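Enquirer: Take 0 as the starting number for the sequence shown in numbering that gives the first Met the number 0 and just add one per residue.
Note that CB positions come from ideal geometry on N, CA and C, so glycine has one too.
From a predicted model like this one, the values you see are computed outputs, not experimental measurements.
Before I ask anything, let me first share the structure, which is written out below as structure tokens.
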Amino acid sequence: MSQTSHLISTLKRCLRAKGVTYRDVAAAIGLSESSVKRLFSEKTFSLQRLEEICRYLEMSIYELSRLAAAGDDHRSDRLTDEQETALAADPVLLSYFYLLLIGWKPYRIGQRLKLDEAGQVLYLNQLDRLRLIELMPRKRARLLTDSRISWSATGPVRRRYESQVKREFVSHAFAAANESFRLESSELSDASISVLLRRVDRLVEEFSELTEIDRHLPQEKKRSFGILLGARPWTYWNIVGEFPGME
């Protein structure tokens, strides 16, 4: 694939992730929908048009190029036993790594975790020795892993923190406008269950795509946000059957 095609494919991915249609783009940059479709199909963007669309998506051409390049950078989303063990043993080290994963800069992480200069250097050096980051001049850090980590199902991080995370997350009221909690239970065929699980996987992928797209935005335009998805054979009888008289 040519660099131009790769860049435009990445732009299309950004549009899909944001839920933006060609009609939306046309209205934003003052063209007809058919003209916008032609731009994408023929790949005849001028730099000015490309910049206009990127601006509408609140990103720069540089950030679009970075996303395109990141798609070719196949860094692992799996950690070694040694790496997971070290992170699980030190909550501050794990927090530091997590904040790097979601795009925070070391100076902000130091402020959030209340670390002095020596503490910053200590944790950055630990992550560098673990080959989780490459420590660069002026305390800059380049991730050596994917930004989304698939923690081992039986590894030390999940063994130590998973129950705590689930308990803290679901204990919330979920009453604000930007919050949602739904529990649905019914009977489905094996085929329908497979379709549903694929859609759950796709939602997780879209969450990751939006995370990458928004990574460049200034902090005041973002907020921390989490989703917890679970699906398994289950019925309300699992609950009501435990009460006296319910048979």
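Can you tell me the Cα-Cα spacing of Ser-185 and Trp-236, whole angstroms?
Expert: Using only the alpha carbons, I get a separation of about 12 angstroms.
Enquirer: Using C-beta distances below 7 angstroms, list every residue in its chain close to Lys-250, excluding the 5 sequence neighbours before and after it, in chain order.
Expert: Past the boundaries of the shown model lies residue 250; the chain is included only from 0 to 246, so the question cannot be answered.
Enquirer: Using 8 angstroms as the cut-off, can you tell me whether the segment 74-82 makes contact with the segment 44-57, which would need three or more C-beta pairs spanning the two stretches below that distance?
Expert: Result no; under three Cβ-Cβ pairs closer than 8 angstroms.
Enquirer: Look at Leu-121 and Ala-140 and say whether their C-beta atoms are less than 8 angstroms apart.
Expert: No; because the gap between Cβ atoms is not below 8 angstroms, this pair is not in contact.
Enquirer: Fully enclosed by the segment 142-219, which alpha helix (DSSP H) runs are 4 residues long or longer?
Expert: Runs found: 155-169, 189-213.
Enquirer: When DSSP builds the beta bridges, which residues end up paired with Ile-132?
Expert: Answer by DSSP bridge pairing, in chain order: Leu-142.
Enquirer: What's the C-alpha gap between Val-156 and Leu-131?
Expert: Near 15 angstroms, if we compare the C-alpha coordinates of Leu-131 and Val-156.
Enquirer: Rounded to a whole number of angstroms, what is the C-alpha to C-alpha distance between Gly-118 and Asp-145?
Expert: About 25 angstroms.
Enquirer: I need the straight-line Cα distance from Thr-108 to Gly-102, nearest angstrom please.
Expert: The question names Thr, but residue 108 in the sequence shown is Ile. One C-alpha to the other measures close to 10 angstroms.
Enquirer: The alpha helix (DSSP H) with Ser-33 in it runs from where to where?
Expert: Unbroken alpha helix (DSSP H) run through Ser-33: 32-41.
Enquirer: Considering just the uninterrupted stretch of the alpha helix (DSSP H) at Lys-11, what are its terminal residues?
Expert: Taken as a continuous stretch (DSSP letters only), the alpha helix (DSSP H) holding Lys-11 covers 2-17.
Enquirer: Locate the alpha helix (DSSP H) running through Asp-23, then write down its first and last residues.
Expert: Taken as a continuous stretch (DSSP letters only), the alpha helix (DSSP H) holding Asp-23 covers 21-28.
Enquirer: Only counting runs of 4 or more residues, tell me where the alpha helix (DSSP H) segments fall wholly within the segment 70-136, in order along the chain.
Expert: Listed in chain order, the complete alpha helix (DSSP H) runs (minimum 4 residues) inside the segment 70-136 are 80-88, 90-100, 105-111, 116-128.
Enquirer: Name the two residues that bound the continuous alpha helix (DSSP H) containing Tyr-235.
Expert: Neither: Tyr-235 is in no alpha helix (DSSP H) and is coded neither H nor E.
Enquirer: If contact is defined by three or more beta carbon pairs under 8 angstroms, each pair taking one atom from either stretch, is the segment 162-169 in contact with the segment 76-96?
Expert: As far as the Cβ criterion goes, the segment 76-96 does not touch the segment 162-169, which means the pair count is below three.
Enquirer: Taking the straight line between their C-alpha atoms, what separation do you get for Cys-13 and Val-24?
Expert: Each residue's alpha carbon lies about 12 angstroms from the other.
Enquirer: Taking just the CA atoms, how far does Ser-207 sit from Lys-36?
Expert: Cα to Cα, the separation comes out at about 26 angstroms.
Enquirer: Please report the distance separating the alpha-carbon of Ile-279 from that of Ser-179.
Expert: No statement about residue 279 is possible, as the shown extent of the chain runs from 0 to 246 and does not include it.
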